[in-house]
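J.: Below is a structure I'd like to ask you about.
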Amino acid sequence: MEEKKFDLNTWIGFLLIGGIFIWMLYLQKPSEEEIAAEEAKIEAEKIATEKAANKSPEEVTLTEATAEMNAATDSLGLVKLQNKLGSFAYSGTLPSAKEGTTVIENDVLFLQVSNKGGYITEARLKKHKTFDSIPVYLVKDGNSSLNFQFSADNRLLNTEDLFFEPQLSKNGENSVLTMRLKTAASSYLEYRYELIPGEYMTNFSIKSQGLENVMNTSQPMYLDWKLKGYRHAKSISYENRYSRLTYEYEGDKHSKLDPTGEDDEVEVDVNWLNFRQHFFSSMLLTDTPFKEVALSSNDLVQDEEIDTVYTKQYAAKMLIEPKGGAIAQNMNLYLGPTDYKIFKKYDRNLDEAMPLGWGIFGMINKYIIIPLFGILSGWLPAGLAIIFMTILIKLALSPVQYKQYVAQAKMKVLKPEIDAIKEKHGDNKMKIQQETMKLQNIAGASPLKGCLPALLQIPVFYALFTFFPTAFDLRQKSFLWADDLSSYDTIAELPFNIPFYGDHVSLFPILASIAIFIYMTMTMGQSMQAQQQPGMPNMKFLMYLSPLFMLVFFNNYASGLSLYYFISNLITIGIMLVIKNIIIDEDKIHAQIQVNKAKPKKQSKFSKKMEDMMKQAEQQKKAGKK
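When we follow our numbering, the leftmost residue of the sequence shown carries the number 482, and every step to the right adds one.
What follows is the structure in structure tokens.
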């Protein structure tokens, strides 16, 4: 028989298990407040029973029988609320600080504010519709939240979990909604919303009153704003391309987060931030810059066939600094169109929230394109305004195009002589280039003289490329077969999706591609001789690439942009035909070149330097063969 021995480890295990069991029983012991509430409940039940015994059954009502029990239950609930919220439990006992919403609106904006959290749970733009004729909602069905996080009574509290007391009033013609989270009748945290007639910009502020001994201002306080952008356009991918988080910081600096994938940044002294949703913006502005803001953006469109509701997930966590132990942050909340005219009138650099191009491109848009289109669209339908604006721009650039064509005509006239140089020197490419440059210098002709005028037009073309996708005035404006100039036009739906092209056929890109091909055929035909020179691109390749690019990639772009390119190239072709057949006489150009060749011509420093470099390279080449 095995002898039984004392196992120390076993006894230690039993003692630990027993100790844990006793400790759990101790933790489950009710507090003094809960014991008192329970005793009050028992006493109330006893009193209610005694009252019922002294009455006939007909006299006893359900209300009387349960009144004292409800009072005891409320007492217990208040104890638990006080344990959770401390001083702010007072708001939980107010009849008006319960589940519910309050509406505040003007003629352009409808806002619904929840008692719980005190933030906007619905924001509707009254004068705008989505592509499928549904009202435009920037906030709805829980896609946005605004939470103020702070410390009080040794607790970390979030206003999104607490109930505010609403009160509507008037400030002149303005509608005012105050939401108060109270610790007493005259002590509260307040959100204040003020709507101005006809304005999308709302006055918004957060302040505290009489909470100096309640709120712990030594701990950081944050205002946390989140929003998932709803889709409003026909193509969610196209809309998502122009949806981006932009902001102003450190005075007048402007920046933005990456529109693709996930991106985040921490900035200081932020004046405003914009959760841009292409043609609509949700923007928060502050009179006193936020000392620090953590910004983030997440692209929600990974597959256009599946991700059809939201475009971006935005978030901003702003550090709020108390003053004198109190909160006083005056701000503005903009919920409305991403419209340059509206942004500009506030004189707060809000136009920087729009992708109008940097540097000279943005300046051309702000001071030329946008004012010009604004004047024309005030008198004409949007489609005709695009056509007339295109005509005016092309006429303004026609002197530059004239110089470009003259340079090309000179190169065409010199082609026989350049061919003769090539034949004379055979495979000696260095000598051919040297003699060709000498001939061009004497004749006053050069491929660069044809390229420089074209380069001067690029800023205008790029400015227009950024203008059309962001022009709010084009949104839902129809022209011919296009029902919305800010989106693609459709003449046929495809039963399948072609990568990069889409599941539809747009006509304006096709017309623009044809016009570009004709234009490039006319221009490249006069400069084909340059393609054989070393370092020059293959002109035939470019002649086919540009129309193909337009045809494929612009199939999903704004039809107003394709309309502009179509009309622009038609006008360019017309101007070239007039210059070629009426203004320019190639025989006169040839005669003038011969006169120039006969005159002694001083060589420019650049040409002399290039010639010397070529001679040196040729000498080195010969020396290397020896």
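We put the CB at the ideal spot given by N, CA and C, even for glycine.
If you follow the beta strand (DSSP E) that glycine 581 is part of, which residue opens it and which one closes it?
T.: On the sequence shown, position 100 is the one that residue 581 refers to. Counting along the chain, glycine 581 falls outside any beta strand (DSSP E), and DSSP gives it neither H nor E.
J.: With DSSP collapsed to three states, give me the class of methionine 783.
T.: Walking along the sequence shown from the start, residue 783 turns up at place 302. Reading the sequence as shown, one finds glutamine at residue 783 and not methionine. Coil.
J.: Fully enclosed by the stretch 694-728, which beta strand (DSSP E) runs are 3 residues long or longer?
T.: 702-711
J.: Taking 8 Å as the cut-off, does the stretch 713-721 touch the stretch 747-761 (at least 3 CB pairs, one atom from each stretch)?
T.: yes
J.: Leucine 1026: buried (16+ other C-beta within 10 angstroms of its C-beta) or exposed?
T.: As a position in the sequence shown, residue 1026 is number 545, starting the count at 1. The residue in question, leucine 1026, is exposed, as its Cβ has fewer than 16 Cβ neighbours within 10 Å.
J.: Nearest CA to the CA of threonine 792: which residue from Met799, Glu785, Leu781?
T.: Counted from its first residue, the sequence shown places residue 792 at position 311. Nearest Cα to threonine 792 within the set Met799, Glu785, Leu781: Leu781.
J.: Compute the Euclidean distance between the alpha carbons of leucine 575 and leucine 658, then round it to the nearest angstrom.
T.: For the purposes of this step, residue 575 is taken as residue 94 along the sequence shown, with counting starting at 1. For the purposes of this step, residue 658 is taken as residue 177 along the sequence shown, with counting starting at 1. So the alpha carbons of these two residues sit roughly 18 Å apart.
J.: Grouping DSSP H, G and I as helix and E and B as strand, with all else coil, what is asparagine 755?
T.: Here residue 755 is taken as the residue at index 274 of the sequence shown, counted from 1. The answer is strand: DSSP assigns asparagine 755 an E or B state.
J.: What are the complete alpha helix (DSSP H) segments, minimum 4 residues, inside the stretch 860-907?
T.: Segments of the alpha helix (DSSP H) lying fully in the stretch 860-907: 863-906.
J.: Which word fits valine 589, buried or exposed, when buried means at least 16 other C-beta atoms lie within 10 angstroms of its C-beta?
T.: Position 108 of the sequence shown, counted from the start, is the residue given in the question as residue 589. The residue in question, valine 589, is buried, as its Cβ has 16 or more Cβ neighbours within 10 Å.
J.: Ordered along the chain, which non-local residues of its own chain (more than five positions away) have a Cβ less than 6 Å from that of valine 747?
T.: Here residue 747 refers to the residue found at position 266 of the sequence shown. The residues are Ala775.
J.: Compare the beta carbon distance of aspartate 832 and lysine 826 with 7 Å and say whether it is the shorter of the two.
T.: The sequence position of residue 832 within the sequence shown is 351, counting from 1. The sequence position of residue 826 within the sequence shown is 345, counting from 1. For the 7 Å CB-CB criterion, aspartate 832 and lysine 826 do not form a contact.
J.: Report all residues from its chain with a CB closer than 7 Å to the CB of tyrosine 1045; omit the five preceding and five following residues, and keep chain order.
T.: If you number the sequence shown from 1, residue 1045 lands on position 564. Excluding residues within five positions, the ones whose Cβ falls inside 7 Å are Ile867, Thr871, Leu945, Phe949.
J.: Given a cut-off of 7 Å, decide if tyrosine 969 and serine 1040 are closer than it, judged by their beta-carbon atoms.
T.: Working through the sequence shown from its first residue, we reach residue 1040 at position 559. Working through the sequence shown from its first residue, we reach residue 969 at position 488. Yes, these two residues count as a Cβ contact at 7 Å.
J.: Where threonine 741 and asparagine 779 are concerned, what is the direct C-alpha to C-alpha distance, given to the nearest angstrom?
T.: Here residue 741 refers to the residue found at position 260 when the sequence shown is read from its first residue. Here residue 779 refers to the residue found at position 298 when the sequence shown is read from its first residue. Distance between the alpha carbons of threonine 741 and asparagine 779 is about 7 Å.
J.: CA-CA distance, proline 862 and tyrosine 672?
T.: Numbered from its first residue, the sequence shown carries residue 862 at position 381. Numbered from its first residue, the sequence shown carries residue 672 at position 191. Computed Cα separation, rounded: 43 Å.
J.: When DSSP builds the beta bridges, which residues end up paired with valine 617?
T.: What you label residue 617 is simply residue 136 of the sequence shown in a count that begins at 1. In the DSSP output, where bridge partners are listed per residue, valine 617 has Leu606.
J.: For glutamine 700, which residues from the same chain have a beta carbon less than 7 Å from its beta carbon, with the 5 sequence-adjacent residues on both sides left out?
T.: As a position in the sequence shown, residue 700 is number 219, starting the count at 1. Here the set comprises Ser632.
J.: Note down, in chain order, each residue of its chain lying with its Cβ closer than 6 Å to the Cβ of serine 656, except the 5 sequence neighbours on either side.
T.: Working through the sequence shown from its first residue, we reach residue 656 at position 175. The answer, listed in chain order, is Ile585, Leu676.
J.: Which of the three DSSP states, helix, strand or coil, is assigned to glutamine 915?
T.: Working through the sequence shown from its first residue, we reach residue 915 at position 434. In this structure, glutamine 915 counts as helix in the three-state DSSP scheme.
J.: What are the boundary residues of the alpha helix (DSSP H) that tyrosine 1045 is part of?
T.: As a position in the sequence shown, residue 1045 is number 564, starting the count at 1. Start and end: 1040-1059.
J.: Between isoleucine 999 and leucine 988, is the Cβ-Cβ spacing less than 7 Å?
T.: On the sequence shown, residue 999 is found 518 positions in, with the first residue counted as 1. On the sequence shown, residue 988 is found 507 positions in, with the first residue counted as 1. Contact flag unset, no.
J.: Looking at glycine 838: is its Cβ nearer than 7 Å to the Cβ of threonine 947?
T.: Your numbering for residue 838 matches position 357 in the sequence shown. Your numbering for residue 947 matches position 466 in the sequence shown. Cβ distance < 7 Å, so glycine 838 and threonine 947 count as in contact.
J.: When you compare only the Cα positions, how much space is there between proline 976 and leucine 1032?
T.: Stepping through the sequence shown from its first residue, residue 976 is reached at position 495. Stepping through the sequence shown from its first residue, residue 1032 is reached at position 551. Taking the straight line joining both Cα atoms gives about 19 Å.
J.: Assign threonine 819 to one of three DSSP states: helix, strand, or coil.
T.: To locate residue 819, count along the sequence shown from 1; it is residue 338. Look at threonine 819 here: in three-state DSSP terms it is coil, with no helix or strand label.
J.: Tell me which residues share the same chain as aspartate 788 and place their Cβ nearer than 8 Å to its Cβ, disregarding the 5 neighbours each side in the sequence.
T.: Taking the first residue of the sequence shown as position 1, residue 788 is located at position 307. Ile717, Leu781, Val782.
J.: Please name the residue in Ser689, Phe960, Ser967, Lys912 whose C-alpha comes closest to that of phenylalanine 953.
T.: The residue you call residue 953 lines up with position 472 of the sequence shown. Looking at the Cα atoms, Ser967 is the closest of the given residues.
J.: Roughly how many angstroms separate the alpha carbons of histidine 985 and glutamate 743, rounded to a whole number?
T.: On the sequence shown, residue 985 is found 504 positions in, with the first residue counted as 1. On the sequence shown, residue 743 is found 262 positions in, with the first residue counted as 1. Near 30 Å, if we compare the C-alpha coordinates of glutamate 743 and histidine 985.
J.: Which of helix, strand or coil does DSSP assign to glycine 983?
T.: To locate residue 983, count along the sequence shown from 1; it is residue 502. In this structure, glycine 983 counts as strand in the three-state DSSP scheme.
J.: Give me, in chain order, the residues of the same chain whose beta-carbon lies closer than 6 Å to that of serine 777; leave out the 5 immediate sequence neighbours on both sides.
T.: Residue 777 sits at position 296 when you count from the first residue of the sequence shown. Around serine 777: Asp745, Ala796.
J.: Can you grab the Cα-Cα spacing for the pair arginine 605 / tyrosine 681, in whole Å?
T.: Counting from 1 along the sequence shown, the entry for residue 605 is found at position 124. Counting from 1 along the sequence shown, the entry for residue 681 is found at position 200. Distance between the alpha carbons of arginine 605 and tyrosine 681 is about 11 Å.
J.: What does a CB cutoff of less than 6 Å around asparagine 1050 pick up in its chain, not counting 5 residues either side in sequence?
T.: Residue numbering aside, residue 1050 sits at position 569 when the sequence shown is read from its first letter. For asparagine 1050, where only same-chain residues beyond five positions count, the Cβ hits under 6 Å are Ala996, Ile997, Tyr1000.
J.: With DSSP run on the structure shown, which of helix, strand or coil describes leucine 658?
T.: Counting from one through the sequence shown, the residue named residue 658 turns up at place 177. Reduced to three states, the DSSP call for leucine 658 is strand.
J.: Measuring only the C-alpha atoms, how far is threonine 1004 from alanine 963?
T.: Along the sequence shown, one-based indexing puts residue 1004 at 523. Along the sequence shown, one-based indexing puts residue 963 at 482. Each residue's Cα considered, the two are about 31 Å apart.
J.: Assuming serine 625 and lysine 737 make a contact with CB atoms under 8 Å, what is their CB distance in whole Å?
T.: Numbered from its first residue, the sequence shown carries residue 625 at position 144. Numbered from its first residue, the sequence shown carries residue 737 at position 256. About 20 Å; that fails the 8 Å criterion.
J.: Please say whether lysine 715 and serine 1170 have beta carbons closer to each other than 7 Å?
T.: Lying outside 482 to 1107, the shown extent of the chain, residue 1170 is not represented and no answer is given.
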